[in-house]
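Structure first, then comments.
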Amino acid sequence: MDYIEVSAKTIEEATAQATAQIEAQGRVVTSVKVLTEPSNGFLGFGKKNALVRVYFEEVAGKEATVSEQVTNTVMEEQFAAVTMQEESTSIEEPIPTVVEDGITKAEQDFIADTGKEFLLGMFGKMGLSVQIEKFTTKDKITFQIHGDELGILIGKHGQTLDAIQYLTNLVANKEVRRRCQIVVDVENYRSRREETLIQLAHRLGAKVRRTRQKIALEPMNAFERKIIHVALQNEKHIKTDSEGQEPYRHIVIYYKR
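Going by our numbering, the first residue of the sequence shown is number 424, and it counts up by one from there.
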């Protein structure tokens, strides 16, 4: 079950803050666990805020749309097909043109072509008409997907997009000796999400600096957690840590003298 942890002066205040965050995202609170009781300490020393863990779930009874069902089915089929392929072959080796990171130009082109072919095939099964723009650097291939109503490819907090990217990397890098990272994006979602997270980080960092109370964010993937860490790494009196186990690992922002 998903949860968030929030710290405040009292248990009631911490619970209220967590509940507000959860309900604002259209979710339902299921239970509350008190992790730390508040304490006034002695003569101002050893004072502790309350820390609560509030569990939540998606709104019950919400049925997936037809497009979501199709996407989930195709993704499951693609994952099963990829994981069942155990044979590995290598491409014919032309005279290598080596780029600085060790991968040859021929290998990178092969990876890009294989990745694009895989994406077009998967989107075709979903009944989606898309245009795929390709960008390459010496160590990365980026596919930018364009089309109408492609939100279904992103999913909640980019979870579907991350799964698509994972499968694409798995397929495209299967038959080469040296790997090249593939990034799959939809209408610049990743850059927009990064911008949103950076703004969120600075806003919450300012709040922590003002109130000196710890704030726990909702669970995020490793890439998004890194964005928060980097955004606040040079902020005075602000410290960030990752807590919890995947898939519930989350960022905690707190005040440090």
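For glycine and all other residues, C-beta sits at the position ideal for the given N, C-alpha and C.
The structure presented is a predicted model; accordingly, all values stated were derived computationally and were not measured.
Could you check how far apart the C-beta atoms of T559 and A586 are, in whole angstroms? I think they sit under 8 Å.
Within the sequence shown, numbered from 1, the residue matching residue 559 stands at position 136. Within the sequence shown, numbered from 1, the residue matching residue 586 stands at position 163. Wrong, their Cβ atoms sit about 23 Å apart, outside the cutoff.
Which term fits V457, buried or exposed, when burial requires 16 or more other beta carbons within 10 angstroms of its beta carbon?
Residue numbering aside, residue 457 sits at position 34 when the sequence shown is read from its first letter. Classification of V457: exposed, given that the 10 Å Cβ count is below 16.
Would you kindly report the start and end of the unbroken beta strand (DSSP E) that includes Y671?
Position 248 of the sequence shown holds residue 671. Premise fails: Y671 is in no beta strand (DSSP E) and is neither H nor E.
Going by Cα to Cα distance, which pick from F533, I651, D571 is closest to R626?
What you label residue 626 is simply residue 203 of the sequence shown in a count that begins at 1. Here the closest residue by C-alpha is I651.
Which same chain residues end up closer than 7 Å to L584 when comparing Cβ atoms and leaving out the 5 residues on each side of it in sequence?
Counting from one through the sequence shown, the residue named residue 584 turns up at place 161. Correct list, in chain order: L576, I577, G578, V607, V609, Y612.
Quick one: what's got a C-beta closer than 7 Å to I526's C-beta in the same chain, skipping five residues either side?
Translated into the one-based positions of the sequence shown, residue 526 becomes position 103. R601, C603, listed in sequence order.
What's the C-alpha gap between E647 and T619?
In the sequence shown, residue 647 corresponds to position 224, counting from 1. In the sequence shown, residue 619 corresponds to position 196, counting from 1. E647 and T619: Cα-Cα distance of roughly 11 Å.
Just how far apart, CA to CA, sit K630 and Q588?
Looking up residue 630 in the sequence shown gives position 207. Looking up residue 588 in the sequence shown gives position 165. Cα to Cα, K630 sits roughly 35 Å from Q588.
Roughly how many angstroms lie between the CA atoms of G581 and L655, to the nearest whole one?
Here residue 581 refers to the residue found at position 158 when the sequence shown is read from its first residue. Here residue 655 refers to the residue found at position 232 when the sequence shown is read from its first residue. Using only the alpha carbons, I get a separation of about 22 Å.
Looking only at its chain, what residues have a beta carbon closer than 6 Å to the beta carbon of Y677, apart from the 5 residues adjacent to it on each side?
Position 254 of the sequence shown, counted from the start, is the residue given in the question as residue 677. Excluding residues within five positions, the ones whose Cβ falls inside 6 Å are K637, K662.
Considering only C-alpha positions, which residue in the set I434, A473, A624, L590 is nearest to N657?
Taking the sequence shown and counting its residues from 1, one reaches residue 657 at position 234. Of the listed residues, the one whose Cα sits closest to N657 is A624.
Just to confirm the assignment, what range does the alpha helix (DSSP H) spanning Q582 have?
Within the sequence shown, numbered from 1, the residue matching residue 582 stands at position 159. Its alpha helix (DSSP H) spans residues 582-595.
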